[in-house]
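Residue -15 is where the sequence shown starts when you use my numbering, and the numbers rise one by one after that.
To start, the structure itself, in structure tokens.
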Amino acid sequence: MTRLWFEGRIVFDRTGPAYRIGEDAQDRVTYAPRPIATELRFLRHLLALPWFENLSLERRRSACVKFVRIHLFGAVHNRPDPSFWTEKERRSLAKVARKLLIAAPGAESVLSLADRRLLDAILAPDTEPATLIGLARARRRHGRPNTLITRDLAQLLATEAPLRLMAASVLLR
């Protein structure tokens, strides 16, 4: 999908059936949390592909910001049981986070304060599971100043910054 987004031509069938997103397809929906290394393996694979490495820094940042917000942070949010977060699972999560940041230096600069707190906690080896879970919840309190403002104020109005992202979401409703 990432390659299609950056390189493909998209054709939309206006007369065809709508694509439905939901939890009704039991063959593609699972509620059992898998180990982080298993769930996020695709990211490690994707980041090493030559076509991804050859994308411009701007495009790699754009993709990696989305990967951080959706997959990395989603992995924490979708595992609210502190007992899941063993040292091994926290190390696996930190490893993926570091790979994303290495693949797209500076990607973290457009994250909100709340997102950066969670990212910092993911990268810190001694973060308690309850802290990770609490920060994952806090970043989803959309519209609050710490979910809108970036740590680097020069990035406040960047394309991938939360202020523009949330404004666009409101305007599209």
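Ideal placement from N, C-alpha and C gives every residue a C-beta, glycine not left out.
Minimum C-alpha distance to ALA47 - residue among LEU31, VAL60, ALA59: Reading the sequence shown from its first residue, position 63 is the one you call residue 47. When only C-alpha atoms are compared, the closest one is LEU31.
Going by DSSP, which residues form a beta bridge with SER46? As a first step, residue 46 must be located in the sequence shown, where it is residue number 62. DSSP lists no partner for SER46.
Quick one: residues in its chain with C-beta nearer than 8 Å to the C-beta of ARG148, no 5 flanking neighbours on either side, listed in chain order? In the sequence shown, counting from the first residue as 1, residue 148 sits at position 164. So the qualifying residues of the chain are LEU141, ALA142.
So, at 6 Å on beta carbons, what are the nonlocal neighbours of ASP136 in its own chain, with the 5 sequence-adjacent residues on each side left out? Along the sequence shown, one-based indexing puts residue 136 at 152. Contacts found: SER93.
Nearest-angstrom Cα distance between GLN139 and THR70? The residue you call residue 139 lines up with position 155 of the sequence shown. The residue you call residue 70 lines up with position 86 of the sequence shown. Answer to the nearest angstrom: the Cα atoms are 34 Å apart.
Nearest to PRO113 (by Cα), restricted to the options ALA88, PRO89, ARG75: If you number the sequence shown from 1, residue 113 lands on position 129. Of ALA88, PRO89, ARG75, the residue nearest in Cα terms is ARG75.
If I follow the unbroken alpha helix (DSSP H) through LEU132, where does it start and stop? Residue numbering aside, residue 132 sits at position 148 when the sequence shown is read from its first letter. 129 to 132 is the span of the alpha helix (DSSP H), which, as asked, contains LEU132.
Would you please state the rounded distance, in angstroms, between the beta carbons of GLU23 and ALA59? I believe it to be under 8 Å. Indexing the sequence shown from 1 puts residue 23 at position 39. Indexing the sequence shown from 1 puts residue 59 at position 75. So it is a contact: roughly 6 Å between Cβ atoms.
Using three-state DSSP, classify SER96 as helix, strand or coil. Start at 1 with the first residue of the sequence shown, and residue 96 comes out as number 112. Here SER96 sits in strand by DSSP.
Distance CB(HIS29)-CB(ARG124) smaller than 8 Å: The sequence position of residue 29 within the sequence shown is 45, counting from 1. The sequence position of residue 124 within the sequence shown is 140, counting from 1. Contact: no.
Simplified DSSP assignment, three categories, for SER67: Mapped onto the sequence shown, residue 67 falls at position 83. It is helical.
Taking only the alpha-carbon atoms, compute the straight-line gap between ALA91 and LEU85 and give it to the nearest angstrom. Sequence index remark: in the sequence shown, residue 91 carries index 107 (1-based). Sequence index remark: in the sequence shown, residue 85 carries index 101 (1-based). Spanning the two alpha carbons is a distance of roughly 7 Å.
Residue range of the alpha helix (DSSP H) that ILE117 falls in? Residue numbering aside, residue 117 sits at position 133 when the sequence shown is read from its first letter. That run of the alpha helix (DSSP H) goes 113 to 122.
Could you tell me the alpha carbon to alpha carbon distance between VAL49 and ARG100, rounded to whole angstroms? The sequence position of residue 49 within the sequence shown is 65, counting from 1. The sequence position of residue 100 within the sequence shown is 116, counting from 1. Straight-line Cα distance between these residues: approximately 11 Å.
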